[in-house]
Amino acid sequence: MALAPLNPSQPTNRRDGELIPTKHFILTFNTPRLPEYIKAGYVRCSVRPYIPNPLRCFKCQRFGHSKTNCRGTLICARCAVAGHESTGCTADEKCVNCQGAHTSFSRSCPKWELEKEIVALKFKNNISFPEARRIVQAQTPIEGQSYASVVDKNHPVYQTTHSPHCSHVVTMSNFPSTSKSPETVVSGTKNKNILPQSSSPTTAVPPDSQDSSGFTIVKRKNKPKTSSKNPSGINKHIKTNTATKFWKKSPQTSASEKAKNKILNKPDKQKLPTAQTANSTSDSSEETSSDTDTDLTIASAPEASNTQKNRARSESEKSQKLKQAKRGLSQNDLPAKLKKSAHHNSVALGLADRGIAHKDLPSIFGVPQVPDLKLHPSDEDEDLQMNCDVLETPPCDLKGLINIFRPVCIGLQETFLSSNNPLKLRGYNSLRKDAATGSNHSGGVCILTSNLYPSTSLTLHTSLQAVAIQVHTRSLVTVCCVYLPLHDVISQQDLDTLVDQLPTPFILLGDFNGHSTLWGSDVTNSRGRQIERLISNNCVCLLNNDEKTYFHEPTRTFHSLDLAICSPTLLPLLHFTVGSDLCNVDHFPIIVSYADSSGAIQYPPRYLFQWTDWGNFMQLADITESMVNTADITEAVQNVVNFLMNAANTTIPKCSPRLRKFRRPWWNEACRDSRREEKKRWNIFRRYPTTENHVAFKRAKALARRIRRRSQRESWINFVSSITSSTSSKQLWKKVKAANGIYCESSFPVLKTGNMTHSAPLDIANTLGHAFEQVSTTDSYSPDFVAIKNRAERKPLRFTARSTLPYNSEFRMFELETALSRAHDTSPGTDGITYNMLRHLNTTSLSHLLFLFNRIWIEQKYPLQWHEATVIPILKPGKDPSNPLHYRPIALTSCLCKTFERMVNARLVFELEKQGCISPLQSGFRRGRSTFDNLVLLETQIRNSFVRRNHLVSIFFDIEKAYDRAWRYGILSTLFNFGLSGNLPIFLKNFLSYRTFRVRVGNFYSNHFIQAEGVPQGSVLSVTLIVHLSQILHLPSSVHGNLYVDDLQISCQGSNMDLIKRQLQNAVNKLVAWCNNNGHAISPEKSRCVHFCWKRGIHLDPVIHINNVAIPVVNDIRFFRDIFDRKLAILPHILHLRKKCERSLYILKVLSRTSWGADRTSLLRIYQAVILSSIDYGCMVYGSARPTVLRRLDTIHHSALRICSGAFRTSPVESLYVICHQLPLQLRRQKISALYFFRAQSVPRRPI
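Quick note on numbering: the sequence shown equals residues -13 to 1234 in this note's numbering.
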């Protein structure tokens, strides 16, 4: 045999106090199946499974654990009396386990034989101990229900009985024996009855209670149990003639069936109460007995030929008991609840028909908005709780739940996620707390919150696995998701502290792993009592009803483990339901929603241009001369807008305003049919939970999962293989972003201003609008500048032109066509017109539109509609989302206006460049200029200082809100000083005057706010109008600087550090003075200073102040996308660039396969655009680093070329360059540097 046994050992026997080795050896094989034999040398030895003896405790003498783990009391193994050991005991022998007249360690004990049989079955069939115990107990007849127990006492053993219901005689000795009684008591006289002794007392039944066949009704005594539904606890008797006859026997499950029915997430046996760990099959054992108030059994003698009828009766009995367990019913409560069951089942099972399913599913909590906010809430705004293993749960199942319920937030428990496993779901923000790594703790919790609702995360100071968020539905509600592991010791103080940290009103959802009769369990454990005290001490309410939330698959029983707790103010508003369908999990979904939810949250509708009938649109959108010849310019513009919008609404379809569903492009008919079959089998199993139905459901579920996975793989292959060399760049990037999961989305913040919290969407929009308005008002300026501003604005600026200038002439058609061709597809403004509509106008309409623009230009009148803008707040990177000042207001203006702005801007830039009005040190948004100029200029200055062995100190400034606080009169004054006059400056003056805006948050619009100063961000002219900032560069001759729009950098070099400090401080003072006179401000906290030096020894860093605040000195700075360190070693930048490119390589690895994937040309295009472009950026700057540093990027280049070409790892690098038509990075850097040099020489007045 090729198998090598591990850890061989030889068992021994004890004889006369000595250990004598046996002729057997115990071997361990690293295979799932044992070999038939092994060869020891040349001897062939047979192999059979080793079955150890049952584990018995030497302390309490019980089976199943050892002495080291025993929590019981010391019991004598000889006399079964507590308090002493068996050594030296001379009392009468008595067994602790079976109460027989023998010692506890006797191997003739029936309990030992039973445990031995369980161990043998466990090792032979390779199953777990609970499953082996259940199978053995199912094969063992229940005491009090054997054939002997139904024999009359006064008849002999071979008794012939006559049944009045049949015409033949049945002889008891003719019954075949199928099982033996676990315990038999034999009397000394043969005429005595042979009756098994029950381990629990039974009630003596009078002869009148016997039925006509002579069999006895055995009623089991249990302690009376007070139920929440039946407080009196009085048992309701069922008559004998109306009772259903059950033949109590558990179904046996073979090992092969168990192997097929593997559970994804096995629940611990201790997760269930002791009375429910087994499937109510044996009434003779306390550990496995069912926990019902009355166990009524009528035993009828089966005929030898009716085994199928007996099995059917057993299955019928199990189905009835499982139905009762699912509904939280005992047999005593069953008659009282039959009338209510129809209504409860319609509520609980109605959600199952809609297809909810997931493993320990999340709580869905979706809530409608306030009606006075004019919000249309979703039809089923709910909160979904799910207890699931995210690593084993398919994301498509979670997306299916979202498509059905549209939840506001989703609570996940037992996620088993680690820090390197991201959880990203489009349209949802995640807040999670992962389980402790390296410990035996399990679980992990997460909350997913919809971006359509304002929300903010809460910080919880607790050791429990809990996360919490505040979300605005009808009001601000706190939602907390918690998971309490089964084996963790949870203190009552921790639970109370958690509740105290939750702002009211709140909803507490999670898997508490507690049992209590308060929420439908049959017993109450210690964890359940803790939850009861939590509810009582904190005056909170429990939303659960008697519906079960957990399905224990091994025993096919239902339990309540997942709870929903809320504040008292929310109790009358919420509706609690439990789903009844499972999908790869063992917990049912918990749905908490408002009882009166109605309506739907809607997205702003968008045009679907891919389905547009452009031919019909060109005919309908025919702008006539009469539309643009009205006396009022505003009326003419409105006529054009109305006409274009009517044509667009007729010919261009719009998307549905309802919430977008998660697409499943892989879903096909096979997936649909398999899913239907799975649901069908589950519904059958839920109604009739037999072993056959369970196996059928497991097979249907496995088949459906296999079909879905195959369909997903085939769909992905087809999607990736569609990326070919003929794919357009737009479609290529659309597919690449879709494959990489790249998408832009924003969420609603919960704002805080002072002591106030703004969570309603309309309040958020108004708060942001008020903050944006305050920034642009006169009150935001310093008192000194306000005085300067008032004094300067007393002098009016007269832009009247005395002569005709070229830039004031009428616009021509090629300027309009150029402006439309250079425009990108952006969001429309307040009028709803897009660039796509303007591009598809016919020639006549374009000529009339140009006539309208020339009227505005010549008549020097500005339409009123163009003064208004829609502002979209964008959070600045790394900023606190609760602060309204941390948002950038992006203005969406009319596309008609922006088209005209682009035409005016072309003339303005041409005139400013012609007159040399823009400083050559300004590189922003100028033809032939880029950020490379700023990078190369700084790097050249640093290298020159190193060559001269000098110091170079550079300061990087941050000008606060340069766009929002721009002084409009100062901008116009600068243009006036440049000598501009006529139509051009008058249009700019009208463009800047009387501007208003509304903030849009989702589908909510704020009130109108006035923008007193500043230029609208997002406008075409805004960047050019900031040109007055170039005047800030009037610096001393020893200080050099450069500017990219509002990003300012200055530097000074020299050998004397004190002289450098004085010169820089003088330059900074001049910059601050200019900003104070023009309404700008420099932030000293956000500005940075870097001391570049190669000199050895200790050199003190300079201390430069802005308004008596020192500028922080750092060792490296990120300037645009390059990192400059003080030694200019470039190593930090190379390491950062390599890490970024390594992450980008994943997209190539995903899109390339040996048998399928994108072709070589497409992969090379993706590589050049995604990775190589990042390597090329600034290479003329970092290319001066040492070769050993630059070679760190070569591995990225070579790996990408191997992926794109499909070459082996051993392929020569030179061959990769030839096949892929790529240069080595060193030659590529030289080529790019040469091209940049020639381009720089071609631009006049360039500072480099």
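We put the beta carbon where it would ideally sit given N, CA and C, even for glycine.
How many whole angstroms separate the CB atoms of residue 455 and residue 417, which I take to be in contact at a CB cut-off of 8 Å?
At roughly 6 Å, the Cβ-Cβ gap stays under 8 Å, so residue 455 and residue 417 are in contact.
I'd like the span of the beta strand (DSSP E) that includes residue 581, first residue to last.
First-last for residue 581: undefined, no H or E at that position.
The alpha helix (DSSP H) spanning residue 1239 covers which residue range?
Since the displayed the chain opens at -13 and closes at 1234, residue 1239 lies outside it and no answer follows.
Starting from residue 777 and walking both ways along the alpha helix (DSSP H), at which residues does that stretch end?
Residues 769 to 778.
On the three-state DSSP scale, how would you describe residue 1205?
The DSSP-derived three-state label of residue 1205 is helix.
Determine the direct distance from the alpha carbon of residue 1046 to that of residue 1053, and round the result to whole angstroms.
Their Cα atoms are separated by approximately 11 Å.
Candidates 708, 956, 739, of which the one nearest residue 781 by Cα
Just measuring C-alpha positions, the residue of 708, 956, 739 sitting nearest residue 781 is 956.
Under 7 Å between the Cβ atoms of residue 10 and residue -3?
Yes, these two residues count as a Cβ contact at 7 Å.
Can the beta-carbon of residue 1068 be found less than 7 Å from the beta-carbon of residue 943?
The answer is yes: Cβ separation under 7 Å.
Residue -1 - partner residues in DSSP beta bridges
Within the DSSP secondary-structure output, residue -1 pairs in a beta bridge with 6.
Have a look at 1233, 482, 1146 and flag the residue whose alpha-carbon is nearest the alpha-carbon of residue 904.
The shortest Cα separation from residue 904 among 1233, 482, 1146 belongs to 1233.
Rounded separation between residue 479 and residue 470 - CA only
Straight through space, the alpha carbons of residue 470 and residue 479 are spaced by roughly 14 Å.
Residue range of the beta strand (DSSP E) that includes residue 1272:
The chain is shown only over -13 to 1234; residue 1272 falls outside these bounds and no answer can be derived.
Could you tell me the distance, in whole angstroms, from the CA atom of residue 406 to the CA atom of residue 432?
One C-alpha to the other measures close to 15 Å.
Just curious, the beta strand (DSSP E) that residue 1252 is in, first and last residue?
Here the chain has residues from -13 to 1234 only, and residue 1252 is not among them.
So what does DSSP say about residue 317, is it helix, strand or coil?
With a pLDDT of 42 at residue 317, under the threshold of 50, the modelled position of that residue is not reliable, and no figure is offered here.
Residue 756: first and last residue of the uninterrupted alpha helix (DSSP H) it sits in:
Note, residue 756: alpha helix (DSSP H), 747 to 762.
Can you tell me where the alpha helix (DSSP H) with residue 1183 in it begins and where it stops?
Judged by DSSP secondary structure, residue 1183 falls within the alpha helix (DSSP H) whose first and last residues are 1180 to 1191.
For residue 84, the first and last residue of its enclosing beta strand (DSSP E):
Per DSSP, residue 84 is not a residue of any beta strand (DSSP E), being assigned neither H nor E.
In the DSSP assignment, the beta strand (DSSP E) including residue 855 goes from what residue to what residue?
DSSP places residue 855 inside the beta strand (DSSP E), whose first and last residues are 854 to 861.
Going by CA-CA distance only, name the one from 681, 1007, 393 that's closest to residue 877.
With distances taken between Cα atoms, residue 877 lies closest to 1007.
What's the gap between the Cα of residue 1144 and the Cα of residue 1209?
Between residue 1144 and residue 1209, the C-alpha separation is close to 22 Å.
Considering only heavy atoms of the ligand FAD, does any lie closer than 6 Å to the CB of residue 1109?
Absence of the ligand FAD from the depicted structure is noted, as is the absence of any ligand whatsoever, leaving it without description.
Looking only at C-alpha atoms, which of 685, 528, 540 sits nearest to residue 548?
The candidate whose alpha carbon is nearest that of residue 548 is 528.
Roughly how many angstroms lie between the CA atoms of residue 110 and residue 12, to the nearest whole one?
Straight through space, the alpha carbons of residue 12 and residue 110 are spaced by roughly 15 Å.
Considering only the alpha carbon of each residue, which of 1091, 436, 772, 629 lies closest to residue 1244?
Given a span of -13 to 1234 for the chain in the structure shown, any question on residue 1244 remains unanswerable.
Best match in 679, 1228, 1064 for proximity to residue 768 [C-alpha to C-alpha]
Closest by alpha carbon: 1064.
From which residue to which residue does the beta strand (DSSP E) around residue 821 run?
In the DSSP assignment, residue 821 falls outside any beta strand (DSSP E) and within the unbroken alpha helix (DSSP H) covering 821 to 825.
Hey, residue 1013 and residue 952: beta-carbon distance below 7 Å or not?
Not in contact: residue 1013 and residue 952 (Cβ atoms no closer than 7 Å).
Have a look at residue 713 and residue 1137 and give me their C-alpha separation to the nearest angstrom.
Computed Cα separation, rounded: 15 Å.
Whole-Å CB distance - residue 962 paired with residue 783, under 8 Å assumed
Between residue 962 and residue 783 a beta carbon distance of about 5 Å is seen, short of the 8 Å cut, so the two are scored as contacting.
With C-beta atoms as the reference, is residue 97 less than 7 Å away from residue 83?
In contact: residue 97 and residue 83 (Cβ atoms closer than 7 Å).
Measure the CB-CB distance between residue 826 and residue 1166 and report whether it falls below 7 Å.
Their beta carbons are not under 7 Å apart, which means residue 826 does not touch residue 1166 by this criterion.
Using the Cα positions of residue 1172 and residue 1080, report the straight-line distance between them to the nearest angstrom.
Their Cα atoms are separated by approximately 15 Å.
At the level of alpha carbons, what is the spacing between residue 949 and residue 558?
Using only the alpha carbons, I get a separation of about 50 Å.
Endpoints, beta strand (DSSP E) assigned at residue 1075:
Where residue 1075 is concerned, the enclosing beta strand (DSSP E) stretches over 1074 to 1078.
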